[in-house]
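Data first, discussion second: the structure below is written as structure tokens.
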Amino acid sequence: MKYKSFPWFQLKILSGARVFSRYCKMHEWSIAEGIVRSLEAFAEKNSIKRFVAVEINVGELAMLDLDVLNEALKTISQEHERTRNTVFKLRIEHVTFTCNKCGCKWGLQRGLETIKGSEDLMIEDLEGGYDLPLHYMPELVYALMRCPSCGSRDYKVEGGRGVRIISVTFENGGVGEHVS
233 MKYKSFPWFQ
243 LKILSGARVF
253 SRYCKMHEWS
263 IAEGIVRSLE
273 AFAEKNSIKR
283 FVAVEINVGE
293 LAMLDLDVLN
303 EALKTISQEH
313 ERTRNTVFKL
323 RIEHVTFTCN
333 KCGCKWGLQR
343 GLETIKGSED
353 LMIEDLEGGY
363 DLPLHYMPEL
373 VYALMRCPSC
383 GSRDYKVEGG
393 RGVRIISVTF
403 ENGGVGEHVS
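Just so we're aligned: 257 in the numbering used here is position 25 of the sequence shown, and the numbers increase by one with no gaps anywhere.
As structure tokens, this is what we get:
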């Protein structure tokens, strides 16, 4: 199975990302590999010896399983010298929707309740489970969700959309540094 990086991810996923066949082929693994490859590219460009800690914001709208993502990061990072033994800190960045018609504000859970026929929209994953298509393509939110107050599809999404590396702590020739 081939995975692609999509433009709504705020993290620059390097081309050529692959999912190792020995892993479960979940897209959390391809995202983890993109994160590690991005860190490797950053390290190469900035002569970084090794990463100590990396903080990552994961948008709620991406609907990623943080336990799976964390496991994937730990496993994949061990394969690269600069990221080996790095501590990854994952945080959920909550999403807020604001209706442009009536001004109503709501969160993801309330918004998911507005998706009519969501059972019919479920996609079977490779492990036999089911997910809403938003898990794979968060931008479908505009086609699927409505304002819970007035029913409009004219709303804006504030925060919680993608995956972002927000800070790194690294060693550079024995000196520890922190970049946000």
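A virtual CB, placed ideally from N, CA and C, is assigned to each residue, including glycine. Nothing here was measured: the structure is a model prediction, and the numbers come from that model.
Which same chain residues end up closer than 6 Å to residue i when comparing Cβ atoms and leaving out the 5 residues on each side of it in sequence?
| i | result |
| --- | --- |
| Leu376 | Ile347 |
| Gly392 | Gly291, Glu292, Leu293, Glu325, His326 and Val327 |
| Thr315 | Val268, Leu271, Phe283 and Ser309 |
| Asp386 | Asn332 and Lys333 |
| Ile398 | Glu287 and Asn289 |
| Trp338 | Phe329 and Pro380 |
| Cys336 | Cys379 and Ser381 |
| Ala275 | Arg314 |
| Leu340 | Glu292 and Val327 |
| Asp352 | none |
Using three-state DSSP, classify residue i as helix, strand or coil.
| i | result |
| --- | --- |
| Asn404 | strand |
| Thr307 | helix |
| Ile347 | coil |
| Val319 | strand |
| Gly339 | strand |
| Ser399 | strand |
| Tyr374 | helix |
| Asp363 | strand |
| Val327 | coil |
| Glu356 | strand |
| Glu390 | strand |
| Lys313 | Residue identity differs from the one stated: residue 313 is Glu in this sequence, not Lys. Coil at Glu313, not helix or strand. |
| Ser384 | coil |
Please report the Cβ distance between residue i and residue j, rounded to the nearest whole angstrom; I am assuming they are in contact, meaning their Cβ atoms lie under 8 Å.
| i | j | result |
| --- | --- | --- |
| Asn278 | Arg323 | Their Cβ separation, rounded to whole angstroms, is 24 Å, which puts Asn278 and Arg323 out of contact at 8 Å. |
| Ala264 | Leu298 | In fact, because the Cβ distance is near 11 Å, the residues do not count as touching under 8 Å. |
| Cys334 | Ser262 | So it is not a contact: roughly 38 Å between Cβ atoms. |
| Val286 | Val395 | Val286 to Val395, Cβ: 12 Å. No contact. |
| Phe329 | Gly343 | 6 Å |
Can you find the residues in the same chain that come closer than 7 Å, C-beta to C-beta, to residue i, ignoring five residues on each side of it along the sequence?
| i | result |
| --- | --- |
| His367 | Met295 |
| Asn317 | none |
| Glu311 | none |
| Val373 | Leu293, Leu366 and Val389 |
| Gly360 | none |
(request) For the stretch 274 to 304, list the beta strand (DSSP E) runs that are entirely contained and at least 3 residues long, ordered along the chain. (result) 282 to 291
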